[in-house]
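Working notes, structure below.
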Amino acid sequence: GELTLTFDETVETSSLQVNGLTLQNQRNGSDNDTVFVQLSPGPLPLYSLTTSSDDPVVMVTLGDHDLNEIKRHLNLATNINNTFLHLLSLTIVDMNNNTVMEIDSDEAVMVTTLTPDSTPPLLRSFQLDMNMGLLHLSFDETVAHSSLDPSSITLQNALEPHVTREIGGGVVIVTEASFAPVVSYTLTGGDVLSGDSTSLTLQLTVEDLNAIKHLPELATGYADTYLRINQSGVQDMNMNDIQGISPIEAHYVSLYIPDET
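So, in structure tokens, the structure goes:
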């Protein structure tokens, strides 16, 4: 994500204080229903900063923290009509150390060009708590909790075995029958316990939890707990489907808590 600022003269980009920049969803920020997101300074990839040279045009790279906070609001920065910016006078200075003219929150400037989010979210990691029956999913961006489809999630005890063979100049992935078959279980339901976020927690159904426990070769520890998800499994706040994970690319559990009840 990037924020492009255009000034009427060359500015000193090293003076930029990104926490002087605030996005809001309407021009008049004095309304009670106005949504604000103030940018957070610090190193990438978590926080926002600029690496631009001194110039009238300054590019600010939005860090994950700011980008996900913006995406969490359905009525902010989804189109030009709900994307406005106000800034403090100390946000940046020109080449003679003159501060920028402040833009107040009740006279915020509307964006001139907005490129919507079209990137599919990615599953970064997952944790499984067999004691409490909880599945924790971590994504690289904010996702809509209501879009999570538990039936798109499959646990498996190993990566799907395969070999690659050259056929007609192309690479074809072939399952190798000599390997032991992969044991897997696809969830049938569950309740999402968290709101829109980069992390979702799914309460497994009693039926799914018992079914998994009855499979002695699946989800008994770190060595036999992998997860894959279909492309229709969850969406980000702009309704982009997640990038699906195939059986041969299943994610390895990052934290496993065994059943102790």
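Be aware that the sequence shown starts at 453, since it is given in the numbering used here, and climbs by one per residue.
The C-beta atom is built at its ideal place from N, Cα and C for all residues, glycine as well.
Would you list the one or two residues that DSSP bridges to F591? According to DSSP, which records beta bridges pairwise, F591 is partnered with L575.
For A560, is the classification buried or exposed, using 16 other Cβ atoms within 10 angstroms of its Cβ as the cut-off for buried? When all chains shown are included, A560 counts as buried.
DSSP state of R479 mapped onto helix, strand, coil: In the structure shown, R479 sits in coil (DSSP, three-state: anything other than H, G, I, E or B).
Going by DSSP in three states, D648 sits in which element: helix, strand or coil? Coil at D648, not helix or strand.
Are the CB atoms of I544 and V489 nearer to each other than 8 Å? Going by C-beta atoms, I544 is not nearer than 8 Å to V489.
Could you please give the first and the last residue of the uninterrupted beta strand (DSSP E) stretch that includes V658? In the DSSP assignment, V658 falls outside any beta strand (DSSP E) and within the unbroken alpha helix (DSSP H) covering V658 to K665.
Would you check whether the ligand NAP has a heavy atom nearer than 7 Å to the C-beta of A610? Because no ligand of any kind appears in the structure shown, any question about the ligand NAP cannot be addressed here.
Can L539 and G481 be called in contact, C-beta distance under 8 Å? Cβ distance not < 8 Å, so L539 and G481 don't count as in contact.
For T606, which residues in the same chain have their Cβ closer than 6 Å to its Cβ, ignoring the five residues on either side in sequence? Closer than 6 Å at the Cβ level, and outside the excluded window around T606, lie S636, T638 and R680.
V489, DSSP secondary structure in three states: Strand at V489.
Beta carbon of T465 nearer than 8 Å to that of Q478: Not closer than 8 Å, so no.
Excluding sequence positions up to five away, which residues of its chain have a Cβ less than 8 Å from the Cβ of M582? If we look at M582 and ignore the five residues flanking it on each side, its Cβ neighbours are L661, I664, K665, A671, Y708, I709, P710 and D711.
Kindly list the residues whose CB is nearer than 7 Å to the CB of T594, restricted to its own chain and excluding five residues on each side of it in sequence; keep chain order. Around T594: N520, K523, R524, D648, S649, T650, D688 and M689.
Hey, quick one: how far does the beta strand (DSSP E) through L457 stretch, first residue to last? DSSP places L457 in the uninterrupted beta strand (DSSP E) bounded by E454 to E464.
For a test of the three-state rule: what should DSSP assign to V563, helix, strand or coil? Three-state DSSP puts V563 in coil, outside helix and strand.
Please report how far the alpha carbon of P495 lies from the alpha carbon of V634, in whole angstroms. So the two alpha carbons sit approximately 42 Å from each other.
Do you know offhand how far S590's Cα is from V509's? Rounded to whole angstroms, S590 and V509 show a C-alpha spacing of 35 Å.
Classify Y674 as buried or exposed, calling it buried when 16 or more other Cβ atoms lie within 10 Å of its own Cβ. Exposed, by the Cβ-count rule.
When P668, T474 and V705 are compared against T677, the one with the closest alpha-carbon: Of the listed residues, the one whose Cα sits closest to T677 is V705.
Tell me the DSSP secondary structure of V626 in three-state form. Per-residue confidence for V626 stands at a pLDDT of 46, beneath the threshold of 50, marking its modelled position as unreliable; no derived number is given.
Span separating the alpha-carbon of G696 from that of L575: Each residue's Cα considered, the two are about 9 Å apart.
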